[in-house]
DNA sequence: AACATTCACAACCGCGCAGTG
DNA sequence: CCACTGCGCGGTTGTGAATGT
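In the working numbering, the protein residues as written are 7 to 243.
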């Protein structure tokens, strides 16, 4: 199929985004939206390819993106959802409000996978969490924030850290916040915070006939498994 | 204190799918 | 119906930071 060369390589910038680029992108999207990623960089005056802009926006600059460490509940949910859905990070992300597929993928590959592989309760990471960062939401436009690639420390707005974070990696002693789960599980894939960008469930729409269940069915099973998982993890408590 | 190793994360790359002319 | 374009997804890599020796 005709695939346009992702970025016409000439003259386009790569690598970490600067604060100015972030600001430009955010400002442009706030003003004009992102109906056409390919044309966006030109319109915004960015020397980036559309793909890069899209990635930056989705994974980092979106107003509803949560930054910071994953809570125990989130990690647990990822593990369970991964067990059901496999590497369908976007689907998993759709059920974790404020989290992106890229972020979830990273977390999975960095510690959740290892934790599972070790699969022993004492399989604690050798090191402590390096960045004890509060879970926050990145405001849409944050000119004075260190938005560049190293900006994992959006530690300013601790007001949004209401999740019950009493989780430690090697013990399953975390408390499930019922309201959190009821909210999370109530989220329809299509109505998740992804600004309508979420495609219909590929398990259904993508012609993956091996899984011919409907969205509703999937949600049912997700709910069921999550609750079961909660119950499994809780008794230890 | 310096060096080596490991880890975490942002970003890139390529592929497949869906929409459109 | 076919070809083309753009978008989204998943896998992988590069880099800086933290930790260990």
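All C-beta atoms, glycine included, are put in the ideal place defined by N, C-alpha and C.
Only a predicted model underlies this, so the values are computations on that prediction, with no experimental measurement involved.
Please state whether DSSP places residue 73 in a helix, a strand or coil. strand
For residue 22, does the count of other Cβ atoms within 10 angstroms reach 16, so buried, or fall short, so exposed? exposed
7 Å Cβ shell around residue 63 - same chain, five flanking residues per side excluded: 31, 35, 40
Between the beta-carbon of residue 80 and the beta-carbon of residue 61, is there less than 9 Å? no
Check whether the Cβ atoms of residue 59 and residue 69 lie closer than 9 Å to each other. no
Who are the near neighbours of residue 106 in its chain, counting only those whose CB is closer than 7 Å to its CB and skipping five residues on each side? 64, 65, 71, 99
For residue 138, I'd like the list of residues in its chain whose CB is within less than 8 Å of its CB, leaving aside the five on either flank, ordered along the chain. Since pLDDT at residue 138 reaches only 41, below the 50 mark, its modelled position is unreliable, and the value read off the structure follows with that caveat. Contacts found: 75.
The alpha helix (DSSP H) that contains residue 111, what's its start and end? 107-113
Return helix, strand or coil for residue 25, following the three-state DSSP convention. helix
Mind listing, in chain order, the continuous alpha helix (DSSP H) runs of no fewer than 4 residues lying wholly within the segment 40-74? 46-50, 56-62
Measure the beta-carbon distance from residue 43 to residue 56 and round it to whole angstroms, keeping in mind my assumption that it falls under 8 Å. 4 Å
Compare the C-alpha of residue 91 against each of 19, 111, 54, 49 and name the closest. 111
Collapsed DSSP secondary structure at residue 104 in the structure displayed: coil
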